[in-house]
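Following: one structure in structure tokens, then a few remarks.
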Amino acid sequence: MQNSSDLLETISNVGTWRRQLRNAIRDPRILGEHLGLPPEMIDSACEAVKAGFPFLVPWAFANRMQIGDINDPLLRQIWPTLDELGEASKPDFTDDPVGDESAIVVDGLLHKYHGRVLLVTTGACAIHCRYCFRQNFAYSDVPHDLEAWRPAIEYIRTDQSINEVILSGGDPLTIVDRTLAALVSQLGSIAHVRRLRIHTRLPVVLPARVDDQLLQWLGESVLAKYIVIHANHIAELDADVVSAIARLQSAGCVVLNQAVLLQNINDTPAAQRDLCQRLIDVGVLPYYLHQLDRVAGAERFEASVSDGQTIVDYLQTVLPGYAVPKYVREVAGQRSKTPIY
Ligand SMILES: *Cc1c(COP(=O)(O)O)cnc(C)c1O
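At the far end of the sequence shown sits residue 341, using the working numbering, and the numbering has no gaps.
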């Protein structure tokens, strides 16, 4: 035991997912000192979170970062910088880049595309990615429990064209199992709803979340289950994550991955190839590669579409067809994600 951050890390690695979430890092200084980052870099990160999007990283994720590497691809995703504050440095970077607000049909429910609705179950997440496109979503208006979800459930019940319900957020798996089990059982009782999809980064950033309680209600649901995880880089997929994925699969879930193309993080042909290879090796299909949503503060993450196309061209030549993700962007007002390949 060398210092206090080692001690913190050890304490927070034991126990349940809720304890791990409680013990997540909320101060850039703690992570910065643990990783040995330059003091200027730590100071400006602290400054950036004072007024802006709070800092949040679980140790389970932070422990996969390389000590001393300021360019670590996991660190870059969550490290705040001062250019997040103030005016957007590029045009078209806004608070609601994908038109979420206008797709709300009842509190917390987005109905944008035919056959599927997306329930924003919570604003909470286990990690704050600095490029998050919902970082400015009006989460205070979002219902958080079964009683408050009733209008959304009624909407789903009355629209027979809806056959898939997507739980999103925030991260739906930050909600406790009792509540999720009750919600999913209600959805399962609606005859025209056949599929449940969960968009979650927790199996990657907090793999302890995939515990027996979660697997129990998932396994019991009559719905076909799709879990869409979110890994952007092969270094995110450590042994604990791989075993969390295997547990989801053994409970009957199809596991897919979506990634975001991120400048200086995963915007090279080799980085995408390695990620996709690793995913299919553990039975996860690469689903989407998203062009970054232009959310204010995320300008530094934007890679060019032509770089993205070059990468996908390369992936086609080295991977089986099923391992090549669809390269898409979300255009507000469109009937689906828009392919850009
Ligand atoms: C992305 C998205 C979906 C899901 O789209 P798929 O192409 O089926 O993955 C559904 N609803 C909303 C509001 C979305 O943003």
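Ideal Cβ placement from N, Cα and C applies to all residues, glycine included.
A residue is called buried once 16 or more other Cβ atoms fall within 10 Å of its Cβ, and N163 is buried on that count.
Taking 7 Å as the cut-off, one finds at least one heavy atom of ligand 1 near enough to the beta carbon of I166. Under the criterion of beta carbons closer than 8 Å, Y327 and I340 qualify as touching, at roughly 5 Å. Counting of Cβ neighbours within 10 angstroms places H34 among the buried residues, the total reaching 16 or more.
DSSP places Q272 in the uninterrupted alpha helix (DSSP H) bounded by 269 to 281. In the DSSP assignment, I153 falls within the alpha helix (DSSP H) that extends over 146 to 158. At least 8 Å separates the beta-carbon of L187 from that of L237. The three-state reading of DSSP puts T310 in helix, counting H, G and I together. Beta-bridge analysis with DSSP links A259 to L289. Around the CB of Q316, fewer than 16 other CB atoms lie within 10 Å, so the residue is classed as exposed. In the assembly as shown, G86 is an exposed residue. Its beta-carbon has fewer than 16 other beta-carbons within 10 Å. Using a C-beta cut-off of 8 Å, the segment 141 to 160 makes no contact with the segment 197 to 209, since fewer than three inter-stretch Cβ pairs fall below that distance. Its chain contains D145, L146 as the residues whose beta carbon lies nearer than 7 Å to that of T179, once the 5 sequence neighbours on both sides are disregarded; these appear in chain order. Using a C-beta cut-off of 8 Å, the segment 64 to 80 makes no contact with the segment 102 to 113, since fewer than three inter-stretch Cβ pairs fall below that distance.
Taking the C-beta atoms as reference points, S221 is found nearer than 8 Å to L196. Under DSSP, R116 takes part in a beta bridge, and its partners are Y113, E164.
One thing to note: V284 has its Cβ no nearer than 8 Å to the Cβ of L319. Counting only unbroken stretches of 4 or more residues, the alpha helix (DSSP H) elements lying wholly within the segment 5 to 91 are 17 to 22, 28 to 35, 39 to 51, 59 to 62, 73 to 78, in sequence order.
Counting C-beta pairs with one atom in each stretch, the segment 264 to 276 and the segment 284 to 303 have three or more that are closer than 8 Å, which means they touch.
Taken atom to atom, the span from the alpha-carbon of A24 to that of C129 is near 14 Å. Distances from the CA of I190 to each of D177, E154, V205, H199 were compared; the closest alpha carbon is that of E154. Checking the 7 Å criterion, the Cβ of Y113 is within range of a heavy atom belonging to ligand 1.
Within the same chain, Cβ atoms closer than 6 Å to the Cβ of P269 are found at I311, Y314, the five residues on either side in sequence being excluded. One Cα belongs to Q20, the other to G123, and the distance between them is close to 18 Å. Boundaries of the beta strand (DSSP E) around V228: 224 to 229. If you look at V284, you'll find it isn't in any alpha helix (DSSP H); DSSP assigns it neither H nor E.
Not a single heavy atom of ligand 1 lies less than 7 Å from the C-beta of L206. In chain order, N232, L289 place their CB closer than 6 Å to the CB of A259, counting only its own chain and leaving out the 5 sequence neighbours on each side.
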